[in-house]
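Order-wise, the sequence lines are chains P and E. The first sequence begins at 2 in our numbering and counts up one residue at a time. The second sequence begins at 99 in our numbering and counts up one residue at a time. Yeah, the Cβ is synthetic: ideal placement off N, Cα and C, and Gly gets one too.
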Amino acid sequence: MPISHQDVGDSLRRITLTGRLDGVGTAEIAPQFTALTSQWRARVLVDLTTINFLASIGIRALISNAKLLRQNGGRMVLLVGHNPPVTKVLEATGIDSLIPTFAEAADAEKAALA
Amino acid sequence: LTPLDLQRNRYARGPDRRVASRAVSTERRRSTHDRRNNALEWLSLFRGTDLQAVASAIGHCEVIVVPAGTALLRPGEANDTVYVLMAGRVAAYLDDRADDENAIVIHPGECVGELSAIDGKPPSALVLAQTDARLLVLPRELFWSRLMAMPAVGRNLLVSLAERMRRSNESMLEAQRKRLELKYLQQELDVARQLQAGMLPLRRPLFPERTDVEIAGVMQPASSIGGDLFDAFFVDDGRLFFCVGDVSGHGVPAALFMARAIGLMHIAAMSTDRPERLLERINDELCVGNDGSMFITVFCGFFEVESGRLVYSNAGHCPPAFVRRTGATRLPLPKGTLAGVVSGMRYEARETVLAPGDLLVCYTDGVIEAKNATAEEFTDVRLLDAVTRTAGECVEAVLDALKSEVMRFSGRETFEDDFTLLALRRPLASRMTDLRSAKT
């Protein structure tokens, strides 16, 4: 399954996406991704470390879920690890200035819980 | 049907009979018997018949219960049974696809298989139990020799066949109506596509009256209408505004968003000479009422043709190729977030000067992400290579050569993503003189 999650207490939900976030890949994860963020009122860490392609449709899924989360009083951070293709897209599109983005898991978790 | 799929019973030995066979009074037994005959009366095939005669004719016939999804009849497979549906839901499908769109529903009390029982030919439809279903099984022989001999049964059969035919006609008409609707929808999409193409400056040459700038664009949508855009127009005699953008997604929603963006940019470009202010303004405007989280990446700039000064800004778009005599590089971009997501974003501008002969090639990610048979991407490295090789040609030829190269690379004529290119060159002074003298 290209999407999985793990709750760290009540305060943090870690959602791990894998594979390609292109049209097909995003359609596959979108319903569950939205369900996981819309039923959560706290912090969400989205792990993109093993994503090997991030298309604009995938960015849209990240943005709309980050917005949803914010409306419900939560917040999203992204963990990209050392993933050049994903980092490049997030930087080029300026998403890293909308959704806090981190290379290290510890930093991402700290920021998510801050 | 395998024995595992169903529960069998004899009509005359159903659960009612078991109740009746206990030590109960004759009265009770008679009423049970009547109830069974009432059940017969309820089946449309036996309406108005001599129920006693029917009951004795079908006394040894099986009553089966089949699970949902069981195929009772398959097109082309011999059938010598008429099934009377007693409970549950069964549907006939006239073509191979068992979707509910083209299903003819058989209601309890009606029968299936009677057509092949009449003409002895295999059934023409696939008949599936949509839910668990209880069915009375009438062998063809018994159907003909005992039941059809009763005038009322024959009449009932004709009535039910007529009803079935009407329903099938209605379903065919409905299918035809849908096909027509789809055709209209496709025609409307074609119109939308033409309207959209009309919004982009696709004519060549773009500014035949200008000798001081060369500019051309190419746009190929992935679906019939797309979300890429480019534009170029003079805001005054010496200043050209141009932009390339990419709306997230494809199809009608992307096209509508694109149309809105291109209109807003047109207005904004007339009221400011700063590209970063223009992007801030269209970002704020596009954020209004954008619940679908659509967004757009845009590169835009103002080019002063006389001096070659280019002031540009960027909202999350990929860097244009900057081709000079010394080679091709990525134009350094100020950082800027894609537009339409969060209002109040700030953008920055940068500037450079195009020397005579310098060429700028803007593109959307559909170009560099075009894949070949082994899923390898074209990349901006190949793009820089390609434009360096053809940099001496006129801008139209540069773009056409680049497009052909991407097609050759991907091995296909159509692209997975919208594909847009815009090339701008400051002509060489000698060429400008040539053109000027040619004009006079």
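Pro417/E versus Arg262/E, Ser508/E, Leu520/E and Leu278/E, residue with shortest Cα-Cα distance: Position 319 of the second sequence holds residue 417/E. The shortest C-alpha separation from Pro417/E is found at Leu520/E.
Go ahead and pull the three-state DSSP assignment for Leu183/E. Reading the second sequence from its first residue, position 85 is the one you call residue 183/E. Three-state DSSP puts Leu183/E in a strand.
What separation, rounded to the nearest whole angstrom, lies between the Cα atoms of Glu494/E and Glu374/E? On the second sequence, position 396 is the one that residue 494/E refers to. On the second sequence, position 276 is the one that residue 374/E refers to. The alpha-carbon atoms of Glu494/E and Glu374/E are separated by roughly 29 Å.
Measure the Cβ-Cβ separation of Leu245/E and Leu234/E and say whether it is below 9 Å. The residue you call residue 245/E lines up with position 147 of the second sequence. The residue you call residue 234/E lines up with position 136 of the second sequence. No, these two residues do not count as a Cβ contact at 9 Å.
Spatial neighbours of Arg523/E within its chain, please: C-beta separation below 6 Å, excluding the five flanking residues on both sides. Reading the second sequence from its first residue, position 425 is the one you call residue 523/E. For Arg523/E, where only same-chain residues beyond five positions count, the Cβ hits under 6 Å are Glu312, Leu457 and Val493.
Interface partners of Ile16/P on chain E, CB under 8 Å: Residue 16/P sits at position 15 when you count from the first residue of the first sequence. Those within 8 Å of Ile16/P in chain E number zero; the least Cβ separation is about 17 Å.
Scan the segment 50 to 68 of chain P for residues whose Cβ lies nearer than 8 Å to a Cβ of chain E and list them as they occur along the chain. Ala56, Ser57, Ile58, Ile60, Arg61, Ile64, Ser65 and Lys68
Spatially closest choice to Ala113/P from Asn84/P, Arg71/P, Leu91/P and Pro85/P, by CA coordinates: Numbered from 1 along the first sequence, position 112 holds the residue referred to as residue 113/P. Of the candidates Asn84/P, Arg71/P, Leu91/P and Pro85/P, the one whose C-alpha sits nearest the C-alpha of Ala113/P is Arg71/P.
So what's Pro32/P in DSSP terms, helix, strand or just coil? In the first sequence, the residue the question calls residue 32/P occupies position 31. Three-state result, Pro32/P: helix.
Runs of beta strand (DSSP E) wholly within the segment 408 to 469 of chain E (minimum 3 residues, chain order): 419 to 422, 425 to 428, 447 to 451 and 457 to 461
What separation, rounded to the nearest whole angstrom, lies between the Cα atoms of Gly343/E and Met297/E? Here residue 343/E refers to the residue found at position 245 when the second sequence is read from its first residue. Here residue 297/E refers to the residue found at position 199 when the second sequence is read from its first residue. Going by the C-alpha atoms only, they are around 13 Å apart.
Closest Cα partner of Val78/P within the set Gln33/P, Asp11/P and Ser98/P: Position 77 of the first sequence, counting from 1, holds the residue named residue 78/P. Checked all of Gln33/P, Asp11/P and Ser98/P; the closest Cα to Val78/P is Ser98/P.
Identify every residue that forms a DSSP beta bridge with Ala201/E. Translated into the one-based positions of the second sequence, residue 201/E becomes position 103. Bridge partners of Ala201/E: Tyr191/E.
Met2/P, DSSP secondary structure in three states: On the first sequence, residue 2/P is found 1 positions in, with the first residue counted as 1. DSSP places Met2/P in coil when its eight states are reduced to three.
Cα-Cα separation between Glu208/E and Ser142/E, rounded to whole angstroms: By 1-based counting over the second sequence, the position of residue 208/E is 110. By 1-based counting over the second sequence, the position of residue 142/E is 44. Approximately 6 Å, taken between the alpha carbons.
For Leu99/P, return the contacting residues in chain E, with the cut-off set at a CB-CB distance below 7 Å. The residue labelled residue 99/P in the question sits at position 98 within the first sequence. Going along chain E in sequence order, the residues near Leu99/P (Cβ under 7 Å) are Thr435, Val439 and Val440.
In its own chain, which residues sit with a C-beta less than 7 Å from the C-beta of Glu139/E, not counting the 5 before and 5 after it? Residue 139/E sits at position 41 when you count from the first residue of the second sequence. Contacts found: Arg145 and Leu149.
Buried or exposed, going by whether 16 or more other CB atoms sit within 10 Å of the CB of Glu286/E? Against the second sequence, residue 286/E aligns to sequence position 188. Classification of Glu286/E: exposed, given that the 10 Å Cβ count is below 16.
When Arg480/E, Val451/E, Pro165/E and Ala473/E are compared against Arg510/E, the one with the closest alpha-carbon: On the second sequence, residue 510/E is found 412 positions in, with the first residue counted as 1. That would be Ala473/E, whose Cα lies nearest to the Cα of Arg510/E.
Note down, one range per segment and in chain order, each alpha helix (DSSP H) of at least 4 residues found wholly within the segment 91 to 115 of chain P. 106 to 114
Partners in chain E for Ala36/P, counting only beta-carbon separations shorter than 7 Å: Counting from 1 along the first sequence, the entry for residue 36/P is found at position 35. Those do not exist, as Ala36/P stays about 17 Å from chain E at its closest Cβ, beyond 7 Å.
Residues that Phe393/E contacts on chain P, provided the C-beta gap is smaller than 9 Å: Here the question's residue 393/E lines up with position 295 in the second sequence. Chain P residues near Phe393/E: Ser57, Ile60, Arg61, Ile64 and Thr94.
If you follow the alpha helix (DSSP H) that Cys341/E is in, where does it begin and where does it stop? Residue mapping note: residue 341/E aligns to position 243 of the second sequence, counting from 1. No alpha helix (DSSP H) contains Cys341/E, which is instead part of the beta strand (DSSP E) from Arg337 to Val345.
According to the Cβ coordinates, are Phe393/E and Cys460/E closer than 9 Å? Counting from 1 along the second sequence, the entry for residue 393/E is found at position 295. Counting from 1 along the second sequence, the entry for residue 460/E is found at position 362. No, Cβ-Cβ distance for Phe393/E and Cys460/E is not below 9 Å.
Every unbroken beta strand (DSSP E) inside the segment 369 to 413 of chain E [3 residues or more]: 394 to 402 and 407 to 413
The segment 408 to 428 of chain E touching the segment 352 to 360 of chain E, judged by at least three CB pairs closer than 8 Å: no
Any idea if Ser391/E is buried or exposed, counting beta-carbon neighbours within 10 angstroms, 16 or more meaning buried? The sequence position of residue 391/E within the second sequence is 293, counting from 1. With 16 or more other Cβ atoms within 10 Å, it is buried.
Between the C-alpha atoms of Arg444/E and Ile96/P, what's the straight-line distance to the nearest angstrom? Position 346 of the second sequence, counted from the first residue, corresponds to residue 444/E. Position 95 of the first sequence, counted from the first residue, corresponds to residue 96/P. The straight-line gap from Cα to Cα measures roughly 14 Å.
Evaluate Pro221/E with the Cβ neighbour count: other Cβ atoms within 10 Å of its Cβ, from every protein chain shown; 16 or more gives buried, anything less gives exposed. Along the second sequence, one-based indexing puts residue 221/E at 123. Buried is the call here.
Decide if Leu300/E is buried, meaning its Cβ has at least 16 other Cβ atoms within 10 Å, or exposed. As a first step, residue 300/E is located in the second sequence; it is residue number 202 there, counting from the start. The residue in question, Leu300/E, is exposed, as its Cβ has fewer than 16 Cβ neighbours within 10 Å.
What does Cys416/E reach in chain P if we use C-beta pairs closer than 7 Å? Reading the second sequence from its first residue, position 318 is the one you call residue 416/E. Here the neighbours are Ala93.
What first and last residue would you give for the alpha helix (DSSP H) that runs through Phe507/E? Within the second sequence, numbered from 1, the residue matching residue 507/E stands at position 409. Val493 to Ser508 is the span of the alpha helix (DSSP H), which, as asked, contains Phe507/E.
Using the rule of at least 16 other Cβ atoms within 10 Å of the residue's Cβ for burial, across every protein chain shown, is Pro430/E buried or exposed? Within the second sequence, residue 430/E is the residue found at index 332, counting from 1. It counts as exposed.
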